[in-house]
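This note's numbering numbers the first residue of the sequence shown as 92 and each following residue consecutively.
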Amino acid sequence: MKPVSAADAEHYTWGDNCDGWYLVRTATLNIIEEKMPPGTSETRHCHVHARQFFYVLGGELTMAVEHEEFTLRAGEGIEIAPGQVHQAINRGAEDARFLVTSQPPSHGDRMERNA
92 MKPVSAADAE HYTWGDNCDG WYLVRTATLN IIEEKMPPGT SETRHCHVHA
142 RQFFYVLGGE LTMAVEHEEF TLRAGEGIEI APGQVHQAIN RGAEDARFLV
192 TSQPPSHGDR MERNA
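Quick look at the structure:
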């Protein structure tokens, strides 16, 4: 066991020039640091099994959850239950950096949802 940071974590890209770093990646839990540039968003979706928690480290992140929107700033987070339709959006002027905790891991558990 050793300390981990985005600088030495496994990296991947997603969406429109967004980045993710696996800080914890096990069969039962993922903790990912993500970066979304201004003006980017993911598609509306839900997860069948995964419960997620989004926690903002820097910038501003809008979370559309079902039919509501929540604007999160550094030090704020929101829980997403399995089956809840959601979408992360960066409407701010700077990169949004945040942690996404998923239990169990959400990759492979995603169902796309239209508006």
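We put the CB at the ideal spot given by N, CA and C, even for glycine.
Residue i, DSSP secondary structure in three states
| i | result |
| --- | --- |
| S132 | strand |
| H158 | coil |
| G150 | coil |
| G183 | coil |
| M202 | strand |
| H140 | coil |
| Q175 | coil |
| S193 | strand |
N-terminal and C-terminal residue of the beta strand (DSSP E) that residue i is part of
| i | result |
| --- | --- |
| M127 | 121-127 |
| D110 | 109-116 |
| G168 | 168-171 |
Same chain, Cβ closer than 8 Å to residue i, five either side skipped, listed in chain order
| i | result |
| --- | --- |
| H198 | N121 |
| N181 | M127, P128, P129, G130, T131, S132, G150, E151, L152, T153, A187 |
Straight-line gap, residue i to residue j (C-alpha atoms, nearest Å)
| i | j | result |
| --- | --- | --- |
| Q92 | E101 | It is Met, not Gln, that sits at residue 92 in the sequence shown. About 16 Å. |
| K126 | M202 | 22 Å |
| Y161 | D99 | Correcting the residue type first, residue 161 is Phe in the shown sequence and not Tyr. Answer to the nearest angstrom: the Cα atoms are 31 Å apart. |
| R164 | G150 | 6 Å |
Spatial neighbours of residue i in its chain, beta-carbon cut-off 7 Å, leaving aside the 5 residues before and after
| i | result |
| --- | --- |
| T119 | Q194, P195 |
| Y103 | G111 |
Heavy atom of the ligand GDP within 7 Å of residue i beta-carbon
| i | result |
| --- | --- |
| L114 | Of the ligands one can find in the structure shown there are none, so the ligand GDP has no counterpart to examine. |
Residues of its chain near residue i, where Cβ-Cβ distance is below 6 Å and the 5 sequence neighbours each way are ignored
| i | result |
| --- | --- |
| D107 | T131 |
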